[in-house]
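For the record, in the sequence shown the residue sitting at position 14 is 14 according to full-length UniProt numbering, with numbers rising by one throughout.
Using N, Cα and C, we set each Cβ at its ideal position, and we do this for glycine too.
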Amino acid sequence: MPLILTQNEVNVSNAHNWQDDEGVQYHYPTKYRNKVLEGERFVYYRGVNRLNGKRGDAHYFGTGRIGLITQDPDPERQTGVKKAWFCQIEDYERFPSDVPAKVDGILREQGPSNQFRDGVRVVDDETFDSILEASGLAQGYAASGNTSPQPENVFAKPAGNLLIPSKGGAGGGNSSPRRSRHAKAEGDWAEELALRILQNIEGSAHHVHRAAIGETPGWDLDYLDANGELHRVEVKGTQAAAFRNIEITANELAAAKRYKSDYSLLLIAKCMSNSPSYQLISDPAKYIEEKQWGIKPTAFKVTF
1 MPLILTQNEV NVSNAHNWQD DEGVQYHYPT KYRNKVLEGE RFVYYRGVNR
51 LNGKRGDAHY FGTGRIGLIT QDPDPERQTG VKKAWFCQIE DYERFPSDVP
101 AKVDGILREQ GPSNQFRDGV RVVDDETFDS ILEASGLAQG YAASGNTSPQ
151 PENVFAKPAG NLLIPSKGGA GGGNSSPRRS RHAKAEGDWA EELALRILQN
201 IEGSAHHVHR AAIGETPGWD LDYLDANGEL HRVEVKGTQA AAFRNIEITA
251 NELAAAKRYK SDYSLLLIAK CMSNSPSYQL ISDPAKYIEE KQWGIKPTAF
301 KVTF
């Protein structure tokens, strides 16, 4: 999910000397190691403290993608709480005009009152897209790398593990499960690539893209294996290099529990890039039932 990267004019604490370079590199402590992932989209945020000692309005001022991540070579930042990292910034675009952090006195980022203590924050796609729209970049945003290759023109390679363990079991940010046009495009792209991956399984046949024909049985694709057994596959995609968490519906969870080893998750990382990677996980319900994976509700239906 997209990120907010804080780059202030003034550091409130003198304990750190962050070597940020706008649009070039971002320097951050190891506490954000599992948030800052290669390929992830971000928006820059600036707080209220200014170099002249006065206070200004908090705002967002640019967007890009996380590039190559390396550890800080400074010996004093190699271990412990001082351990730090650099990430390169790719496809950077400065906003034509700054975007205020508040609209009519209401924060664009909704969450705990203390969330702004974190220099790196995860946000939902809808909030991210609303910031881009307010900046004037959303219409025709054409930074290099913003044009996605067609799924049939890329080679996806299998990956050993695309899951990032969460310290909280089911955590990974305070974002809501709201969806955006971008998230739908990302999901559609991942499903098209997943279909091609499954079609290349030796002996497989009768591949059906259920989502494409408007069916919602609790999975996106199904096919018959070489023995004639039906396999059901739910697809999840991210533009990041790995997954902090995934969102599943009640329908998908019920199907996973019902069909067990005949149900799989197909995770596609670096989605909409020229070098995606994937991981096929059979019987995901088993990991939940055995408490290897945490799970918690993130939305509730309200009736009147």
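Tell me residue i's beta-bridge partners as DSSP assigns them.
i, result
"residue 84", "29"
"residue 70", "86"
"residue 306", "Nothing can be reported for residue 306: it is not among the residues displayed for the chain, which extend from 1 to 304."
"residue 93", "63"
"residue 120", "5"
"residue 158", "278"
"residue 296", "In the DSSP output, where bridge partners are listed per residue, residue 296 has none listed."
"residue 51", "DSSP, once it has assigned bridges, lists no residue as partnering residue 51."
"residue 103", "106"
"residue 21", "25"
With distance defined between alpha-carbon atoms, name the residue in the options nearest to residue i.
i, options, result
"residue 256", "135, 235 and 274", "235"
"residue 187", "200, 211, 203 and 205", "211"
"residue 247", "81, 40, 276 and 294", "294"
"residue 258", "95, 289 and 276", "289"
"residue 329", "11, 25, 123 and 185", "Residue 329 falls outside the range modelled here, since the chain spans only 1 to 304, and no answer is possible."
"residue 124", "134, 109, 118 and 135", "109"
"residue 270", "158, 115, 96 and 120", "158"
"residue 223", "241, 240 and 204", "204"
"residue 62", "278, 162, 185 and 6", "6"
"residue 73", "265, 105, 28 and 128", "28"
"residue 81", "129, 55, 292 and 30", "30"
"residue 279", "272, 266, 214 and 291", "266"
"residue 71", "57, 87 and 58", "87"
"residue 296", "118, 239, 245 and 4", "245"
"residue 184", "207, 67 and 239", "239"
"residue 57", "34, 20, 84 and 101", "101"
"residue 41", "207, 302, 165 and 120", "120"
Within the same chain, show all residues whose beta-carbon is closer than 7 Å to that of residue i, passing over the 5 residues directly before and after it, in chain order.
i, result
"residue 261", "282 and 283"
"residue 250", "none"
"residue 151", "189, 192, 193 and 196"
"residue 143", "Note that residue 143 scores a pLDDT of 46, beneath 50, so its modelled location is shaky; the value from the coordinates is reported in the next line. Closer than 7 Å at the Cβ level, and outside the excluded window around residue 143, lie 91 and 93."
"residue 241", "37, 38, 39, 269 and 270"
"residue 127", "108 and 109"
By Cβ distance, which residues of its chain are closer than 6 Å to residue i, with the 5 residues on each side in sequence left out?
i, result
"residue 60", "43, 45, 99 and 131"
"residue 202", "none"
"residue 320", "The structure shown does not extend to residue 320, since the chain is modelled only from 1 through 304, so no value can be given for it."
"residue 175", "Only weak support is given to the placement of residue 175: the predicted model assigns it a pLDDT of 46, under 50, and the question is left unresolved by the model."
"residue 145", "At residue 145, the pLDDT of 46 sits below 50, so the modelled position is not reliable; the number obtained from the coordinates is stated separately. 91, listed in sequence order."
"residue 18", "27"
"residue 78", "none"
"residue 162", "242, 243, 267, 269 and 279"
Which residue comes first and which comes last in the beta strand (DSSP E) that contains residue i?
i, result
"residue 224", "221 to 224"
"residue 36", "First-last for residue 36: undefined, no H or E at that position."
Near residue i, what residues of its chain come up, given a Cβ to Cβ distance below 8 Å and the 5 sequence neighbours on each side ignored?
i, result
"residue 219", "210, 232, 233, 234, 252, 255 and 263"
"residue 229", "262"
"residue 136", "95, 96 and 97"
"residue 8", "46, 47 and 49"
"residue 23", "62, 64, 89, 92 and 94"
"residue 76", "82"
Locate the alpha helix (DSSP H) running through residue i, then write down its first and last residues.
i, result
"residue 128", "125 to 135"
"residue 151", "No alpha helix (DSSP H) contains residue 151, which DSSP labels as neither H nor E."
"residue 288", "284 to 289"
Review point. Which whole runs of the alpha helix (DSSP H) in the UniProt domain "Protein NO VEIN C-terminal" (190 to 277) are 4 residues long or more, in chain order?
Key: 250 to 259
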